[in-house]
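Reading through the structure tokens given below for one structure.
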Amino acid sequence: MPSAGPPKRAQRPDRSQPEAEDEALLDPTSTKCRICAGDTRAAGTRHGALAGRDFQIRQCPSCWFSFVADPWLDYGAIYDEDYYRGRGADPLTDYVDEAANPHRTVRRFEWRGILKQVHGLGIVGASTTWLDYGCGAGGLVQFLHQYGLPSAVGFEQSWSLDRLHERGVSVLSEEELAERAGTFDVVSAIEVIEHVVDPLAELARMRALLKPGGLLFLTTGNAKPYRGDVANWRYLIPEIHVSVFEPETLALALETAGFEPSFPGYGPGWVDIIRFKMLKNARRRYSYPFDELVPWPLVARLADKRWGFSAHPVGRVPAAPAEPVTATAAVAAAEEASPAEPAPGE
Ligand SMILES: [Zn+2]
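Position 145, counted from 1, in the sequence shown is what our numbering calls 127; the numbers after and before it change by one each time, with no gaps.
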């Protein structure tokens, strides 16, 4: 069969309206691209140590989305206590310890960098409503509270949720989240989108939570440097990181979900975000005074040139269009503003 060429937009399900969302639209065993609906090709296999089996990786030659074609869907088994304690699929992350030791963990560089970066995009003030979508053990939410955003809340599912309630972290249930549709200035999704099998549905859900003009700030690995060998990319842990993006892929996904994507590039927060990533990958859990001797602005800039962390887009919800003023409405408004003077002699 000849190559189908670039997929037509009409082939993609419309995810820009939450009510158009249909769980049945995505078949997790389909080999069609989950972003542009085009044909994909086999891109090798990757062994999952936790699952004890190989996973099929597929890649879209049209939009360069890559994904695990036969994902492990037993989320209760993947995202259990071991996962959040760094004993599961991702041994480099112990969310429970990070939230318990916020001043010692290297994660605080990431939290600080996210706040700086979003602030640099011109959207953070004391009254900013911020949702951390997929908040893990709630470390970023606690950090934002500490730095003057008392209304920051998280959303999380799975094992972590009861622990968040126990520790008094502001976290919304599914029901509460639905009630807050259209109320957030900022939604952050930090290392979240790579975990989901249907990224368009998840992005549409995030979009519905934002106000007109609101900002989605997300981080995820940049697959572009690994285009030729994505199955062997270290970031692609096949039990948990099932959807990986190049920056243009993510922009297409954002646009399809109803956002206006843009590429702010390397801003003021990235030094800290990258500093965290490098310390984490060096298996460092806590920071020490001698870390300050590292010239982080230079090191982070070089790392960013190599791996393109900051190349991903952000998504903005289009501002609400001004209400068109019809002649009838304008006349009615004018009459209300200045009632007609009674005619003389009446
Ligand atoms: Zn595609």
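We put the CB at the ideal spot given by N, CA and C, even for glycine. All of these numbers come straight from a predicted model, not from anything done at the bench.
Considering only the beta carbon of each residue, do residue i and residue j sit closer than 8 Å?
i	j	result
G118	E138	yes
A235	I39	no
H223	E184	no
D211	G95	no
R16	F47	yes
A163	G116	no
S142	Y57	no
A51	T87	no
S225	F49	yes
Just verifying my parser: in three-state terms, what is the DSSP assignment at residue i?
i	result
V50	strand
E221	coil
K98	helix
I39	strand
Y270	coil
S142	helix
N204	strand
Y57	helix
W93	helix
L131	coil
R283	helix
D211	helix
Over what stretch of residues does the beta strand (DSSP E) that includes residue i continue unbroken?
i	result
H29	R23 to G30
E176	Element bounds for E176: n/a, residue is neither H nor E.
F291	Element bounds for F291: n/a, residue is neither H nor E.
G196	L192 to T201
V296	V296 to R298
P243	E242 to S244
What number of angstroms, rounded off, separates the C-alpha of residue i from the C-alpha of residue j?
i	j	result
Q(-7)	C18	Residue placement at Q(-7) is poorly supported in this model, since its pLDDT is 41, which falls under 50; the coordinates still yield a value, given next. Approximately 8 Å, taken between the alpha carbons.
F108	G130	Reading the sequence as shown, one finds Ala at residue 108 and not Phe. Cα to Cα, A108 sits roughly 6 Å from G130.
P326	V168	Note that P326 has pLDDT 46, beneath the 50 cutoff, so the model's placement of it is unreliable and the number below is only indicative. Near 58 Å, if we compare the C-alpha coordinates of V168 and P326.
R189	H85	32 Å
F125	A24	42 Å
G30	V178	17 Å
D277	G104	Rather than Asp, the amino acid found at residue 277 in this sequence is Pro. Taking the straight line from one Cα to the other gives about 27 Å.
E3	A239	With a pLDDT of 42 at E3, under the threshold of 50, the predicted position of this residue should be treated as unreliable, though the coordinate-derived value follows. E3 and A239: Cα-Cα distance of roughly 10 Å.
P181	V296	15 Å
R216	N263	10 Å
A302	P194	6 Å
S152	Q128	13 Å
L261	E230	27 Å
A186	C45	19 Å
D62	D144	12 Å
T201	R266	20 Å
R35	F91	35 Å
L280	E237	33 Å
Within its chain, find whatever has a CB closer than 8 Å to the CB of residue i; leave out the 5 residues flanking it on each side and keep chain order.
i	result
L32	I60, G70, A71 and E221
L191	L113, Y115, L159, R162, A163, G164, T165, F166 and V169
P271	none
Here's a check: name, in chain order, each residue in its chain whose Cβ is nearer than 6 Å to the Cβ of residue i, leaving out the five neighbours to either side.
i	result
D64	G70
G68	T75 and D76
S133	T111
E242	R298 and P300
Q99	G249 and G251
H294	P229 and L232
G136	D114, C117, G120, V123 and V153
F199	V100, S170 and V296
If you follow the alpha helix (DSSP H) that residue i is part of, which residue opens it and which one closes it?
i	result
K262	W252 to N263
D79	Y77 to A82
G136	Note, G136: premise wrong, no alpha helix (DSSP H); beta strand (DSSP E) at V135 to F137.
Y65	E63 to Y66
G121	G121 to Q128
L229	The question names Leu, but residue 229 in the sequence shown is Pro. Where P229 is concerned, the enclosing alpha helix (DSSP H) stretches over P229 to T238.
L113	Run containing L113: none in the alpha helix (DSSP H); it sits in the beta strand (DSSP E), W112 to Y115.
L159	E156 to E161
By Cβ distance, which residues of its chain are closer than 7 Å to residue i, with the 5 residues on each side in sequence left out?
i	result
I93	One detail in the question is off: residue 93 reads as Trp in this sequence, not Ile. Same-chain partners within the cutoff: G121, L122 and F125.
W289	N204 and P207
P10	P53, L55 and V179
R89	E80, G121 and F258
G26	I39 and A213
T285	Residue identity differs from the one stated: residue 285 is Ala in this sequence, not Thr. Cβ neighbours of A285 beyond the five flanking positions: I256 and M260.
(request) For ligand 3, list every residue whose C-beta falls under 5 Å from any of its heavy atoms, going in chain order. (result) With respect to ligand 3, the structure shown offers nothing to examine, as its ligands consist of ligand 1.
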